[in-house]
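Everything below concerns the one structure shown next.
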Amino acid sequence: MDKTYQPNAIEQQWYKTWEENGYFKPNGDTEANPYSIMIPPPNVTGSLHMGHGFQESIMDALIRYHRMQGDNTLWQVGTDHAGIATQMVVERLLAAEGQDRHQLGREKFIEKVWEWKEQSGGTITRQLRRLGASPDWSRERFTMDEGFYKAVQEVFIRLYEDGLIYRGKRLVNWDPKLHTAISDLEVLNEEEQGHLWHFRYPLADGSGHLVVATTRPETMLGDTAVAVHPEDERYKHLIGKKVKLPLTEREIPIIGDDYVDREFGTGCVKITPAHDFNDYEMGQRHQLEMINILDADAHLNENVPEKYRGMERFAARSQVVDDLDALGLLEKVEPHTLKVPRGDRSGVVIEPWLTDQWYVKTQPLAEEAIKAVEDGRVNFVPKNYENMYFSWMRDIQDWCISRQLWWGHRIPAWYDDEGNVYVGRSEQEVREKNNLGSEVTLRQDEDVLDTWFSSGLWTFGTLGWPEETPELKTFHPTSVLVTGFDIIFFWVARMMMLTLYFKKEVPFHTVYVHGLVRDSQGQKMSKSKGNVLDPIDLIDGIDLESLVQKRTTGMMQPHLKEKIEKQTRKEFPEGIAAYGTDALRYTYYSLASTGRDIKFDVGRIEGFRNFCNKIWNASRYVLQNCEGHDCGQDGSGDFELSLADRWIISQLQRTEKAVREAMDSYRFDLASQALYDFIWGEYCSWYLELSKPILWDENASNAIKKGTRRTLIRVLETTLRLAHPLMPFITEEIWQRVKDLAGASGETIMLQPYPEPNDHKIDTEAEAAIAWLKQVIEGVRNIRGEMNISPAKKIPLLLRNGSQRDEALLEQARSLLLKLASLESITWLADGESAPASATALVGDMELLVPMAGLIDVQAETARLQKEIDKLAKERSRLENKLENPKFVDKAPAEVVAKERDKLADVLSAQARLQQQLEAISKL
1 MDKTYQPNAI EQQWYKTWEE NGYFKPNGDT EANPYSIMIP PPNVTGSLHM
51 GHGFQESIMD ALIRYHRMQG DNTLWQVGTD HAGIATQMVV ERLLAAEGQD
101 RHQLGREKFI EKVWEWKEQS GGTITRQLRR LGASPDWSRE RFTMDEGFYK
151 AVQEVFIRLY EDGLIYRGKR LVNWDPKLHT AISDLEVLNE EEQGHLWHFR
201 YPLADGSGHL VVATTRPETM LGDTAVAVHP EDERYKHLIG KKVKLPLTER
251 EIPIIGDDYV DREFGTGCVK ITPAHDFNDY EMGQRHQLEM INILDADAHL
301 NENVPEKYRG MERFAARSQV VDDLDALGLL EKVEPHTLKV PRGDRSGVVI
351 EPWLTDQWYV KTQPLAEEAI KAVEDGRVNF VPKNYENMYF SWMRDIQDWC
401 ISRQLWWGHR IPAWYDDEGN VYVGRSEQEV REKNNLGSEV TLRQDEDVLD
451 TWFSSGLWTF GTLGWPEETP ELKTFHPTSV LVTGFDIIFF WVARMMMLTL
501 YFKKEVPFHT VYVHGLVRDS QGQKMSKSKG NVLDPIDLID GIDLESLVQK
551 RTTGMMQPHL KEKIEKQTRK EFPEGIAAYG TDALRYTYYS LASTGRDIKF
601 DVGRIEGFRN FCNKIWNASR YVLQNCEGHD CGQDGSGDFE LSLADRWIIS
651 QLQRTEKAVR EAMDSYRFDL ASQALYDFIW GEYCSWYLEL SKPILWDENA
701 SNAIKKGTRR TLIRVLETTL RLAHPLMPFI TEEIWQRVKD LAGASGETIM
751 LQPYPEPNDH KIDTEAEAAI AWLKQVIEGV RNIRGEMNIS PAKKIPLLLR
801 NGSQRDEALL EQARSLLLKL ASLESITWLA DGESAPASAT ALVGDMELLV
851 PMAGLIDVQA ETARLQKEID KLAKERSRLE NKLENPKFVD KAPAEVVAKE
901 RDKLADVLSA QARLQQQLEA ISKL
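Here it is, written out as structure tokens:
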């Protein structure tokens, strides 16, 4: 093995070997337990971000864990065609060439998109490989591939024939730049500074006026009512009367509705049912007229007075305000903070817009999907996310599934000249089914389906449905879905509804909901904040200048660009080091406590890179001491296990049990912690040290040496298998080097059996003895540290007040204690026997005494301790003065004050400890 661990030298080489040899495929054992996960299909336009990295690492750990248990394991991989995102990418490329899609025409444009997909659409799948993800790449699917298209078309047609899909005019989120309806998930609602305009609406009978408040004055041209709360004493006598709508020739009613907030604004609300979702619901309740005042570009249309027709919406806003002010109807304007909906792709303000769209009736589908969670067919982990699921599902609205795009699954519906609708698999089928002759002109619907519609079929569509394939029979329902809470409704619920309807079974048995990856301060990662981390940069490393350029490219605002550059230079003055995939993955697992958002600190990944180094160096030690020696590979029993061997084998059983329990309950944080504690805290820090006195003792028997070598190599090999699902690369590399010595065989660690604990190997006697030994060694080391005695200097140890158990434990561990604590002798003091001036420590009731005479330079040590005490006294005085200052205590944040108090407590504790040492030395 190389002296130093170099992840870049092993990772891509091993991944290529795994993939080329087909290790990621199901094992095909029909008697084995099937285990399957469907990857949430990333956008074909996408690249790996921290959320992807976290999610894929979790799925890969589960897949590798079950694969090693012999399960017939399938991790189905694929990408989503990402209608809006992909169309935008290709349209930008066309614009750079001086073209647009309308010049090309639909058919040529779609050809261009497929060309782009083949050439540039594989970025994220290449990056998934770098992360060590082990899906069955031979089964990779795409939501626009031929087989999946057949499934999507079949679902649409059957739902239509069953009366669950219809076309209707309703309010949608309309993107005026992209000219399409978009889902709620594609709308960003962020606070912005705006205004609240108060306008007077004159009563039609001339008896006065009502004042309404609005943040969107231009929409008043589409008002069809003014609403007040039916119990509002100020206005309830006006319900049923009318007001004159300013700037128009219309009169509109005053209605009463419980939805009105009497405390907001004036308590009078203008109702524009065609341009506000809440107003739309009120309009339905009161059968109000729906007046659409905008066209697809968000310009005012023919339904407004002529003066405003064709005006851009925000220009119209200014004109409406000016005109109302000129008429004396503008009462006042107030600054107002409001949430503005913007398209996450286009960045423009989204308009609620009344338009013809295709819808799925979701209520009938939701009922069974709710029952499936209620009766335990599907379980959420953590369970509290069931409440989020239920709240959405029990108040579900019909689902708008059409999008005004060219890239996507085109809706299989045709229209004749009279506007009749025909749904079928092809125009030919439509004509034959409906007896339409060639004289009848048909045109296909221009819209495509929402990408959530196609991805809603993901669990069964990827396995060959509507055909009853062997894969569908074997791997459906799938075992677990790994997802973020933000798409429980958009994706999880829709998969539940569609799968239960078409397959009459659930799509998955468990939904594991993970938190979102945030930066070290808990802020959401975003390009505008300059806090985005690229997982590949953490794996490979990136220099400072490249990182700065990456974070600021495309930023138009100089002040923001400057801020992010400064922030990046401060946070990463030397760039980002190369940490390797295993360290990054282990960091993810360490933070994966169920459902909580993750604060990602680069400092943690550095710690786990050190952990990888520790494993590497420990393995080199084991190989150096085992290669060329009899380690019991042949299974012969002529060996003897030492106390330390029995202890580490026992600890391994407990670790195997803890890791398995954690993996089975999706507690990746607990699994990674149990492994870390065992590998670093027990195997490396203690067992390797405990092995040295035996292996390096010329008088030790061959049997005891063979037992130690056998334990060294076998515990290492087992631990590598135990850690493999979390750290695939380093474990494979080392396992290949130790497998023969450990008596293992096989081409790859990933197909080896996962370790199972054996209760018969738990040795409580050995555990107790080594626990006692560790306490004594740590006690002696503490004395050395406090008294500034070199670790290499051999010292005498006196023991007093020990029990018979202590005496028995000492006899078991005497030789180890002499070596590891660097002792020249160990002596029991008789009852009542006095000891020379000594530094002391306790192990239970037993005293550890190290005589100081001759061990230290009393004068030099006294001076050193006094210097430290004087230094602490100054710090104590500074802190006490600060905490006695009312200006600081009263004005500083509570956490800052608490931190200073903690510092003072630490100083006082250190002072007392050093004073005790000084007093002990003074007696020498």
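Just so we're aligned: the sequence shown equals residues 1 to 924 in UniProt numbering.
Glycine included, every Cβ here is placed at the ideal spot set by N, Cα and C.
- The shortest CA-to-CA distance from LEU48 to any of LEU93, LEU128, THR30 and MET852 is the one to LEU128.
- Take GLY265, set aside five residues on each side of it, and the residues of its chain with a beta-carbon closer than 6 angstroms to its own are ALA213, in chain order.
- Between GLY424 and THR451 a beta carbon distance of about 23 angstroms is seen, past the 8 angstroms cut, so the two are scored as non-contacting.
- The Cβ atoms of LEU203 and VAL243 lie closer than 9 angstroms to each other.
- The continuous alpha helix (DSSP H) containing ARG901 extends over residues 894–922.
- Between the alpha carbons of ALA578 and ASP540 lies a distance of about 5 angstroms.
- DSSP, read as helix, strand or coil, puts PHE199 in strand.
- Annotation for PRO382: THR594 and GLY595 place their beta carbon closer than 6 angstroms to its own, counting only its chain and skipping 5 residues before and after.
- A Cβ-Cβ contact shorter than 9 angstroms links SER479 with ILE37.
- Rounded to the nearest angstrom, the gap between the Cα atoms of GLY208 and LYS241 is 12 angstroms.
- Counting along the chain, the unbroken alpha helix (DSSP H) around ALA369 starts and ends at 363–374.
- Between the region 736–754 and the region 678–690, the count of C-beta pairs closer than 8 angstroms stays below three; the two stretches do not touch.
- Between ILE704 and the set GLU640, HIS336 and ARG901, the nearest pair of CA atoms involves GLU640.
- DSSP assignment within the region 645–698 yields the following whole alpha helix (DSSP H) runs of 4 residues or more, N-terminal first: 668–676 and 688–695.
- Between ASP417 and VAL440, the C-beta gap is smaller than 9 angstroms, which places the two residues in contact.
- Restricting attention to alpha helix (DSSP H) runs no shorter than 4 residues, the region 773–809 encloses none.
- Boundaries of the beta strand (DSSP E) harbouring ASN379: 379–381, taken from the DSSP string.
- For the alpha helix (DSSP H) assignment, the uninterrupted runs of no fewer than 4 residues enclosed by the region 492–563 are, from N- to C-terminal side, 494–503, 535–540 and 544–552.
- With the rule of 3 Cβ pairs closer than 8 angstroms, the region 252–259 counts as touching the region 281–297.
- Cβ neighbours of LEU716 within its own chain (closer than 7 angstroms, five residues either side excluded): SER619, VAL622 and VAL738.
- Sequence-distant Cβ neighbours of GLU191 in its own chain, meaning closer than 6 angstroms and more than five residues away, are THR337 and LYS339.
- Assignment of SER877 by DSSP, reduced to helix, strand and coil, places it in the helix class.
- By the Cβ-count criterion, VAL44 is buried, with 16 or more other Cβ atoms from all chains shown falling within 10 Å of its own Cβ.
- Shown here, ASN33 sits in coil according to DSSP, grouped into three states, outside any helix or strand.
- Around the Cβ of VAL421, a 10 Å sphere holds fewer than 16 other Cβ atoms; the residue is exposed.
- Here DSSP, grouped into helix, strand and coil, assigns LEU820 to helix.
- Closest option to THR355, judged by alpha-carbon separation, among TRP174, TYR235 and SER701: TRP174.
- By the Cβ test, the region 869–886 is in contact with the region 908–917, since at least three Cβ pairs between them sit closer than 8 angstroms.
- By the beta-carbon neighbour count (other beta carbons within 10 angstroms, threshold 16), GLN13 is exposed.
- As computed with DSSP, TYR359 is found in a beta bridge with TYR166 and CYS400.
- Taking a cut-off of 8 angstroms for Cβ pairs, the region 345–365 and the region 480–491 do not touch, as fewer than three such pairs fall below it.
- Residue environment analysis places SER922 among the exposed positions, since fewer than 16 neighbouring C-beta atoms fall within 10 angstroms of its C-beta.
- Taking C-alpha positions only, PRO305 is separated from LEU330 by approximately 19 angstroms.
- Around the beta carbon of GLN119, fewer than 16 other beta carbons sit within 10 angstroms, so the residue counts as exposed.
- ASP175 is bridged by DSSP to THR180.
- Taken through DSSP and simplified to helix, strand or coil, TYR754 comes out as coil.
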